[in-house]
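Q: In full-length UniProt numbering, the protein residues as written are 1 to 221. The C-beta atom is built at its ideal place from N, Cα and C for all residues, glycine as well. None of the values given here were measured: they were computed from a predicted structure. Please find one structure pasted underneath; my questions will follow.
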Amino acid sequence: MAAQPAPPAPVQEPGLRARKKQRTRDALIEAAHRLFLVQGFARTTVDEIADAVDVSQRTFFRYFANKDEVALAVLAEAEDRFIQLLRARPAEETPFQALRAAIVGAWRDRADLRNTGPCSVTAALELIRMIEDSPTLLASHLRRVTEQERVLVGIIAEREGVDPAVDLRPAVLAAAFGGVLRAAHLSWSPDQEDNGPESMVALIDRYLDQLVPALAGHWRS
């Protein structure tokens with residue numbers, strides 16, 4: 001009697017495969033972040049990060065090109081979300097209103113992730129402080145910030161129907177907005193009572209409220 005053909009292997013659901021890959025990526029980010037904060041960025045190796053997640057070095061490099069990329073991954077995802085929200089803002093908003101609403105939305109998106117992993121508010125803000133103390137990371141981060149600023153200029157110019165090569169307002173606004181955000185982020189303290197998204201939103205609002213008075217107002221009473 002002829003042998004019966006083996007049943008076909010079950011087809012793995014694409015959604016399940018994607019979720020598994022995302023879990024591995026998140027685990028690598030979380031392990032890297034934890035190691036960086038405990039022993040420093042320079043002293044942490046790729047092998048240590050991979051071992052902490054029980055994967056090979058080869059698996060690590062499927063997700064990240066180097067240590068810089070895994071260290072900056074949390075901020076990169078937040079920045080990409082900010083750009084996505086900015087593109088979706090209503091056309092009737094002024095450029096500043098659109099930027100402000102988009103950054104607030106990006107932080108509020110992290111409400112469900114509060115203090116629970118590599119994408120939490122605390123993780124992102126601790127990472128910003130670590131970046132400032134690492135020349136290598138800071139250089140990589142500033143390159144990304146510069147690229148994001150160019151993207152912002154293009155989005156603002158397109159929204160307003162202006163040529164950024166002639167009209168300097170998109171470049172000026174993008175640069176000022178980015179500077180204010182950096183100041184707000186660096187003023188955050190891990191010791192404050194509330195480290196959730198709304199506390200960061202309130203802090204950003206306080207800084208953005210001072211932008212116009214600082215640039216155009218009289219400082220002396």
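1. Which one of G15, E79 and A71 has the shortest CA to CA distance from R182?
2. Which residue comes first and which comes last in the alpha helix (DSSP H) that contains E149?
3. Would you mind reading off the limits of the alpha helix (DSSP H) that contains D209?
4. Okay, do the region 48-55 and the region 94-107 touch, 3+ Cβ pairs below 8 Å being the bar?
5. Using 8 Å as the threshold, is the C-beta distance between L186 and H33 below it?
6. Just verifying my parser: in three-state terms, what is the DSSP assignment at A18?
7. Is DSSP giving A71 helix, strand or coil here?
8. Which one of P197, V201, W188 and A176 has the shortest CA to CA distance from A216?
9. Residue range of the alpha helix (DSSP H) that S187 falls in?
10. Looking at C-alpha atoms only, which residue of Q57, K67 and A91 is the closest neighbour of L138?
11. So V180 and L211 are in contact, right, with Cβ under 8 Å, and what is the actual spacing, rounded?
12. So, at 8 Å on beta carbons, what are the nonlocal neighbours of R19 in its own chain, with the 5 sequence-adjacent residues on each side left out?
13. For P197 and R110, which I take to be in contact (beta-carbon distance under 8 Å), what is that distance rounded to the nearest angstrom?
14. If you drop the 5 nearest sequence neighbours on each side, which residues of the same chain put their C-beta closer than 7 Å to that of R25?
15. How about A101 and R159: do their beta carbons lie closer than 8 Å?
16. Give the range of the alpha helix (DSSP H) segment to which A42 is assigned.
17. With DSSP collapsed to three states, give me the class of E77.
18. Would you identify the three-state DSSP class for E132, choosing helix, strand or coil?
19. Looking at C-alpha atoms only, which residue of L75, Q22 and W188 is the closest neighbour of S199?
20. On the three-state DSSP scale, how would you describe W107?
A: The structure says:
1. Shortest Cα-Cα distance from R182 to any of G15, E79 and A71 involves E79.
2. Where E149 is concerned, the enclosing alpha helix (DSSP H) stretches over P135 to E160.
3. Its alpha helix (DSSP H) spans residues P197 to D209.
4. The answer is no - the region 94-107 does not touch the region 48-55, with fewer than three Cβ pairs under 8 Å.
5. Going by C-beta atoms, L186 is not nearer than 8 Å to H33.
6. A18 falls in the helix class under three-state DSSP.
7. Helix.
8. The shortest C-alpha separation from A216 is found at A176.
9. It spans R169 to S187 - the alpha helix (DSSP H) in which S187 sits, taken as one unbroken run.
10. Out of Q57, K67 and A91, K67 has the C-alpha closest to the C-alpha of L138.
11. With a Cβ gap of about 6 Å, V180 and L211 count as contacting.
12. None.
13. Contact holds; Cβ gap of about 5 Å.
14. For R25, same chain residues with a beta-carbon under 7 Å away, outside a window of 5 residues either side, are Y63 in chain order.
15. For A101 and R159, no; Cβs fall outside 8 Å.
16. Run containing A42: none; DSSP gives neither H nor E here.
17. DSSP places E77 in the helix class (H, G or I) of the three-state scheme.
18. In the structure shown, E132 sits in a helix (DSSP, three-state: H, G or I).
19. Of the candidates L75, Q22 and W188, the one whose C-alpha sits nearest the C-alpha of S199 is W188.
20. W107: helix per DSSP, three-state reduction.
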